[in-house]
Amino acid sequence: MASCTLAPATQAQDAAARAARTLATCKPAAPCDSPLPVKVVVVSLFEIGEDEGDTAGEFQLWKERRGLTTRIPFPQGFHDLYYNPETQVLGVVTGIGTARSTAATMALGLDDRFDLTQAYWLVAGIAGIDPEDASIGSVALARYVVDGDLAHEIDAREIPADWDFGYFARGTQGPHDTQTPLDPSGGEVFQIDPSLEQWAFALTKDIALPDTPEIAAERASFTGFPKALQPPRVLEGEQLSAMTFWHGARMTDWANHWVQQWTGGKGEFVTSAMEDTGILQAMTYLDAAGRADRDRVLVLRAGSNFTMPPPGTHAASYLLRENEGYAGLEAAVENLYTVGSVLVDELLGDWERYSESTP
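In terms of this note's numbering, the sequence shown is residues 2 to 360.
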């Protein structure tokens, strides 16, 4: 007797109906006997205005293009969730900063309405980018995520003459102390699963990212920075998370030193943002509780602005100008979606394989 397979339209209707039943009977932060299966969690950090129809922040393109039309109340987090019952992709907007990103990730991971045990988490956000490494619009896959908040600090006007920075690792004797062992137990550094990151980079490294006149004009002033003068590209590079929006050549020097120090020389600072160590800390706890898989997290950051001004420009004036509108914002969110979608499509297209084991 021949088997009967439901048509795609019927499958989609059945998935939507099942999701509706779950959401009607299961409330936030309460027990749920019929959790929604989740294959991929797309983690955005902010949206500019509305979730669709205006200037796109990090979430809007995912919502519109991935059919994330099922709105799920999420009062224990920053922003309601959106879900596609057919593809089982879930979108979360954590809010800016490690405090909100940690809280939102924990709240989602402990929400009984969702089965996240096999889910892959794709953190996709904009960032400052070091002109020593790439141009704005470029997308970097992190191998390490390093925290820039947990530290000792002395005001720059009071630091010893032989110190390059007044900001140094806790427990050490200054920024150039290489003898004291570093203690990362406070959450100062997290490594992305190497095999997963390498798999993701192999799939995306040859993607041709579009160039724009706006990006070309912005990068043209970065004489002496050959990689900043190139069109956007996909690369590997570490992400530094800090609640303070810092800027300037001296701060960029510190960021490179800090990331190299905390990764034992294995990592290189490429992007600056605010949330990712919070997400990785929450995922570490959720993994220990059996609620999520810490080794299924990827971090993509796209340069919307440079971390320092071009030669001959004062850091303060460049930062204030950038705050009026990032030159690479539109390209960054578009390229995040382009690169991230390749990974999502691969995971969904061979789910039987990836659900059981990571690449």
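Every residue gets a Cβ at the ideal spot worked out from N, C-alpha and C, and that includes glycine.
(request) Count the CB pairs spanning the region 254-268 and the region 75-94 that are closer than 8 Å, and state whether there are at least three. (result) no
(request) Decide if Thr224 is buried, meaning its Cβ has at least 16 other Cβ atoms within 10 Å, or exposed. (result) Exposed is the call here.
(request) Within 10 angstroms of the Cβ of Asp207, are there 16 or more other Cβ atoms? Answer buried if so, exposed if not. (result) exposed
(request) Mind checking which residues open and close the beta strand (DSSP E) that includes Tyr327? (result) For Tyr327, there is no enclosing beta strand (DSSP E), as DSSP gives it neither H nor E.
(request) Would you give the residue range spanned by the alpha helix (DSSP H) that Gly279 belongs to? (result) Asp277 to Ala289
(request) Report yes if the C-beta distance between Glu154 and Gly172 is below 7 Å; otherwise report no. (result) no
(request) Determine, using beta carbons only, whether Asp113 and Pro32 come nearer to each other than 7 Å. (result) yes
(request) State the start and end residues of the unbroken alpha helix (DSSP H) segment that holds Gln261. (result) Ala250 to Trp263
(message) In whole angstroms, give me the CA-to-CA distance for Ala143 and Pro36.
(response) 31 Å
(request) Report yes if the C-beta distance between Ala132 and Phe307 is below 7 Å; otherwise report no. (result) Correcting the residue type first, residue 132 is Pro in the shown sequence and not Ala. Between Pro132 and Phe307, the C-beta gap is smaller than 7 Å, which places the two residues in contact.
(request) Alpha carbon to alpha carbon, how far is Gln12 from Ala221? Give it in angstroms, no decimals. (result) 51 Å
(request) Output the distance between the C-alpha atoms of Arg292 and Ala120, rounded to the nearest integer angstrom. (result) 10 Å
(message) Let me confirm a value: Arg101 is counted as buried when at least 16 other C-beta atoms fall within 10 Å, else exposed. Which label applies?
(response) buried
(request) Leaving aside the five residues before and after Ala105 along the sequence, list all residues of the same chain whose C-beta is less than 7 Å from its C-beta, in chain order. (result) Gly78, Phe79, Val93, Thr95 and Gly96
(request) Tell whether a beta-carbon distance below 7 Å holds between Thr272 and Arg302. (result) At a Cβ-Cβ threshold of 7 Å, Thr272 and Arg302 count as neighbours.
(message) Using 7 Å as the threshold, is the C-beta distance between Leu197 and Pro360 below it?
(response) Yes, the Cβ-Cβ distance between Leu197 and Pro360 is below 7 Å.
(request) Give the DSSP bridge partners of Arg302, in chain order. (result) Gly126 and Ala141
(message) What does the alpha-carbon distance come out to for the pair Ala108 and Gly149?
(response) 24 Å
(message) For the structure I just gave you, are there three or more beta carbon pairs, one from the region 321-330 and one from the region 182-201, closer than 8 Å?
(response) Result no; under three Cβ-Cβ pairs closer than 8 Å.
(request) Specify the secondary structure class of Thr118 as computed by DSSP and reduced to three states. (result) Coil at Thr118, not helix or strand.
(request) Would you list the one or two residues that DSSP bridges to Gly389? (result) This structure leaves residue 389 out entirely; the chain is present only between 2 and 360.
(request) Leaving aside the five residues before and after Gln61 along the sequence, list all residues of the same chain whose C-beta is less than 7 Å from its C-beta, in chain order. (result) Glu48, Asp52 and Glu53
(message) If we require 3 or more residues per run, which beta strand (DSSP E) segments fall completely within the region 128-187?
(response) 140-142 and 145-148
(request) Would you kindly check if the distance between the Cβ of Ala328 and the Cβ of Glu215 is under 7 Å? (result) yes
(message) Quick check on the DSSP output: the alpha helix (DSSP H) that includes Phe202 runs from which residue to which?
(response) Pro195 to Thr205
(message) For Pro227 and Ile127, what's the separation of their Cα atoms in angstroms?
(response) Each residue's alpha carbon lies about 22 Å from the other.
(message) Just to confirm my understanding: we take Ala3, look at its own chain, exclude 5 residues before and 5 after, and list those with CB closer than 8 Å. What are they?
(response) Because Ala3 carries a pLDDT of 49, less than 50, the predicted location of this residue cannot be relied on, and no value is offered for it.
(message) Counting C-beta neighbours from all protein chains within 10 Å, is the total for Thr245 16 or more, i.e. buried, or is it exposed?
(response) By the neighbour-count criterion, in which 16 or more other beta carbons inside 10 Å mark a residue as buried, Thr245 falls on the exposed side.
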